[in-house]
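Novice: In the working numbering, the protein residues as written are 30 to 918.
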Ligand SMILES: [Zn+2]
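1. Using CA coordinates, which residue listed in 721, 362, 79, 451 is at the minimum distance from residue 760?
2. Using only the alpha-carbon positions, how far apart do residue 425 and residue 360 sit?
3. Considering only residues of the same chain and omitting the five flanking positions on each side of residue 815, which have a CB-CB separation below 7 Å?
4. Could you check if residue 536 belongs to the surroundings of ligand 1, using beta carbon to heavy atom distance under 7 Å?
5. Under 8 Å between the Cβ atoms of residue 92 and residue 136?
6. Excluding sequence positions up to five away, which residues of its chain have a Cβ less than 7 Å from the Cβ of residue 521?
7. Using the three-state DSSP reduction, which class does residue 42 fall into: helix, strand or coil?
8. Using DSSP bridges, identify the partner residues of residue 727.
9. Considering only C-alpha positions, which residue in the set 706, 124, 806 is nearest to residue 825?
10. Helix, strand or coil for residue 641, going by three-state DSSP, please let me know.
11. Between the segment 291-300 and the segment 93-109, are three or more C-beta pairs nearer than 8 Å?
12. With a 10 Å radius around its C-beta and 16 neighbouring C-beta atoms as the bar for buried, classify residue 738 as buried or exposed.
13. Would you say residue 564 and residue 555 are within 8 Å of each other, going by their C-beta atoms?
14. Could you check where the beta strand (DSSP E) with residue 456 kicks off and where it finishes?
15. So is the beta-carbon of residue 540 under 7 Å away from any non-hydrogen atom of ligand 1?
16. Can you look up residue 901 in the DSSP assignment and give me helix, strand or coil?
17. Return yes when the Cβ of residue 190 is within less than 8 Å of the Cβ of residue 337, no when it is not.
18. Within a Cβ cutoff of 7 Å, which residues of the same chain sit near residue 785, ignoring the five residues on either side of it in sequence?
19. What is the rounded straight-line gap between the Cα of residue 35 and the Cα of residue 43?
20. Within a Cβ cutoff of 6 Å, which residues of the same chain sit near residue 173, ignoring the five residues on either side of it in sequence?
21. Of the residues 464, 379, 398, 472, which one's Cα is nearest the Cα of residue 423?
22. Verify whether the separation of the beta carbon atoms of residue 429 and residue 453 is less than 8 Å.
23. Leaving out the 5 sequence neighbours to the left and right, which residues in its chain are closer than 7 Å to residue 914 when beta-carbon positions are compared?
24. Within 10 angstroms of its Cβ, does residue 40 collect 16 or more other Cβ (buried), or is it exposed?
25. What's the call for residue 439, buried or exposed, on a 16-neighbour Cβ count within 10 Å?
26. Per DSSP, which one or two residues make a beta bridge with residue 700?
27. Taking 6 Å as the limit between beta carbons, can you name the residues of its chain near residue 883, skipping five residues before and five after?
28. Consult DSSP for residue 537 and reduce its assignment to one of helix, strand or coil.
29. Quick check: the segment 400-416 against the segment 562-580, are there 3 or more CB pairs under 8 Å?
30. Which value, in whole angstroms, describes the spacing of the CA atoms of residue 451 and residue 713?
31. Expressed to the nearest angstrom, what Euclidean distance is found between the alpha-carbon atoms of residue 49 and residue 232?
32. Contact check, residue 305 vs residue 341 under 8 Å by CB: the rounded distance?
33. Tell me which same chain residues have a C-beta within less than 7 Å of the C-beta of residue 317, skipping the five on either side of it?
34. Could you pull the start and end residues of the beta strand (DSSP E) that residue 394 belongs to?
35. Take the Cβ of residue 545 as the centre, count every other Cβ of all protein chains shown within 10 Å, and call the residue buried at 16 or more, exposed below.
36. Can you check whether the CB of residue 247 is closer than 8 Å to the CB of residue 178?
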């Protein structure tokens with residue numbers, strides 16, 4: 030076997046082929062899945078194009094590129110077939126709209142202009158007649174597509190140490206994008222893209238003879254297409270791939286070279302080899318001929334291979350990273366970031382410009398989302414923000430581009446999109462004049478649907494690709510950042526309204542009411558009216574109405590949240606959205622609902638410290654995929670626990686509610702509403718997995734409130750608590766790396782209104798420099814230990830509690846000790862020796878109690894933290910257990 034490992038970042042670890050239980054080299058099963066999936070994609074393309082080969086090939090290129098965009102589609106389970114009675118197409122995420130658009134545009138007119146209403150944009154996409162066919166692809170091939178994608182992100186595009194930080198997934202996507210940039214006006218573009226997307230696919234199975242292997246795969250694919258009667262011919266694709274290492278440089282080959290920044294990297298790697306340990310040995314391997322070279326690297330052994338991979342990466346970073354990144358306090362927690370910048374290589378003189386990168390974001394997202402007081406509006410608003418920066422912006426640019434050059438933006442051009450921003454690559458010929466930036470920005474000005482929403486899309490542009498060089502993320506970001514300052518001066522704030530002259534909107538209380546919404550009996554402003562109307566079939570509503578498939582044994586589970594909702598609340602269930610998510614079993618129930626809000630730690634530094642653009646894309650996609658996979662697997666675990674307990678597939682109450690309560694899940698940005706009873710164990714399992722899959726750590730804020738609590742304030746409270754939960758290295762810490770941890774902060778609000786300022790006052794009440802009853806930034810490991818101690822870590826135990834007749838009694842027992850300490854602490858809070866008295870009280874209770882559980886939970890409070898007892902997690906643990914208590918009702 031060939032020794033090859035992918036250097037994963039930000040965890041800075043080499044994962045070798047075969048290490049996670051999957052061996053890719055020589056994997057016949059994987060090869061079959063690739064052929065099968067690609068063949069099925071071709072069948073679908075032909076069907077949608079009604080046998081027109083040119084059209085089918087255009088569609089095929091976009092569908093194949095979806096293999097590399099998988100992160101976008103796995104946030105929820107695959108969706109079961111629509112029932113024929115139900116004609117409305119419910120679509121849960123912005124990315125599903127994106128998928129629909131990239132395919133539908135080839136067979137129907139979805140062009141838009143500045144006056145197209147938001148409703149029309151949605152309706153056009155939802156009316157695409159083949160939506161279920163696209164879903165069936167995800168439905169039937171979900172497991173294969175996942176397996177192929179994971180192979181693609183776990184396999185390095187180049188096996189050699191020093192080059193092995195780029196995955197095949199990002200390399201292939203970028204190669205295709207550059208082929209498009211290099212080849213304007215090409216009628217063969219779709220063939221070129223498919224060839225680029227697949228040119229290195231053989232590397233998965235046979236790294237040493239990857240061209241032969243790719244051709245082999247293509248031949249099998251051709252056979253499958255012929256026997257299936259597909260209209261697509263792959264002869265030209267095969268030729269392009271066969272020659273991509275040939276003497277005459279074709280487009281694929283040139284794109285390949287640019288995408289892997291081969292020229293620049295080779296120079297840097299060579300320089301690194303002169304300075305690092307084992308450099309000489311490794312250099313010899315580099316100088317050997319083909320087969321001997323692979324053997325030479327294989328003979329190095331895993332240990333040296335990993336060390337050299339890391340040392341070279343760190344060296345390259347020291348040559349390309351900016352001073353600013355290294356100086357950042359947070360950089361110290363990452364071992365891959367060098368201590369010094371040592372620029373010794375000559376700068377590359379950019380050649381002919383090929384394309385720009387457009388960065389689109391929505392300033393004031395939080396303000397926009399928290400403008401709405403109903404869950405269904407807020408849920409739609411969260412989806413809408415992503416829809417605008419990815420789908421809508423893409424459609425806008427695509428419409429303009431195709432009117433200019435009669436060609437389409439490839440789906441690969443959407444490089445990434447989540448968290449309210451996106452990166453879209455455009456070719457230079459989208460512009461007429463030298464004032465390209467202005468032309469592009471103009472496209473986003475004066476858009477009617479945005480002014481109705483009182484929302485702005487901010488557009489920044491940077492030069493991205495030249496015929497000899499692709500800019501690094503850092504270089505692009507520098508140029509984009511510079512445009513931020515100008516825009517804040519010009520038009521950042523929302524419009525200011527004169528109050529008193531007009532009737533004010535019943536929903537937001539800020540904007541002038543301009544419409545009487547009959548169905549709701551409210552006077553609404555344009556923004557609130559637009560969102561209210563559109564949220565009737567989208568956002569939360571679509572999430573509740575859909576039927577999801579989750580794997581369980583042989584037959585997948587089918588879950589339709591609406592079924593449980595109707596059973597309890599009747600047809601009018603949307604009026605009880607929060608009560609539903611809280612886990613109500615009947616109208617008289619009193620359970621709380623929990624908002625889990627999380628964000629990755631130090632994402633800005635991690636992304637800025639990228640050595641190439643592919644490196645950035647890899648980090649971004651691994652993050653997005655890892656978070657969604659973690660969510661999906663945690664949810665599946667819960668579903669299986671519920672099914673096991675209830676001995677039924679029909680109605681899984683907790684799973685249904687979490688599926689309906691996903692407010693946002695994209696990249697490192699997460700907001701989920703959940704029944705309080707399951708919130709903490711769900712969050713702990715979810716973020717343990719997310720940390721493991723992505724290498725990122727997260728800060729998590731968890732706030733529980735009554736279902737009738739204004740959701741926008743609870744949202745702001747959880748956001749604030751999340752910010753405060755981040756673990757920071759102590760000053761002068763020698764080992765900052767140890768502080769890079771996932772952390773959880775938790776609070777419950779029963780009588781006071783949860784809001785940003787209340788979070789501040791609560792924290793300052795209990796957290797004082799030398800005698801603190803509240804840690805806030807709790808290491809996730811500690812939270813897990815606590816849950817294990819109270820037997821509420823495993824889902825089966827929580828499911829059993831939720832279904833128990835004695836739920837209230839059980840949880841009261843578990844909380845009794847902490848409640849006792851809290852009430853003692855509360856009366857001593859303001860006394861000068863109150864803290865010590867509370868400590869003494871805890872110790873006395875430990876000595877006196879005769880139940881093992883009581884002793885253990887109290888001992889957990891006074892576990893010494895680095896020899897001092899200046900801080901005990903009393904309120905942290907109290908709030909965590911109280912979250913279960915309010916979840917019981
Ligand atoms: Zn309003």
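We treat Cβ as the ideally placed atom computed from N, Cα and C, and that holds for glycine.
Specialist: Per the coordinate set shown:
1. 362
2. 38 Å
3. 889, 906, 909
4. Yes, the beta carbon of residue 536 sits closer than 7 Å to at least one heavy atom of ligand 1.
5. no
6. Because the pLDDT of residue 521 is 42, which lies under 50, any placement of that residue in the model is unreliable, and the number read from its coordinates should be weighed accordingly. Excluding positions up to five away in sequence, the list reads 392.
7. It is a strand residue.
8. 629
9. Checking every option, the nearest Cα to that of residue 825 belongs to 706.
10. coil
11. Contact between the segment 291-300 and the segment 93-109 is absent, because fewer than three Cβ pairs lie under 8 Å.
12. It is buried - the Cβ of residue 738 has at least 16 other Cβ atoms within 10 Å.
13. No, these two residues do not count as a Cβ contact at 8 Å.
14. 450-456
15. yes
16. coil
17. In this structure, residue 337 places its C-beta atom within 8 Å of the C-beta atom of residue 190.
18. 745, 746, 749
19. 5 Å
20. 62, 66
21. 472
22. no
23. 840, 844
24. Residue 40 should be labelled buried.
25. It is buried - the Cβ of residue 439 has at least 16 other Cβ atoms within 10 Å.
26. 626, 693
27. Residues 846 of the same chain have their beta carbon placed closer than 6 Å to that of residue 883, with the five preceding and five following residues left out of the count.
28. coil
29. yes
30. Going from the Cα of residue 451 to the Cα of residue 713 covers about 29 Å.
31. Cα to Cα, residue 49 sits roughly 18 Å from residue 232.
32. 7 Å
33. 325
34. Segment 394-398 is the alpha helix (DSSP H) holding residue 394; no beta strand (DSSP E) there.
35. exposed
36. Cβ distance not < 8 Å, so residue 178 and residue 247 don't count as in contact.
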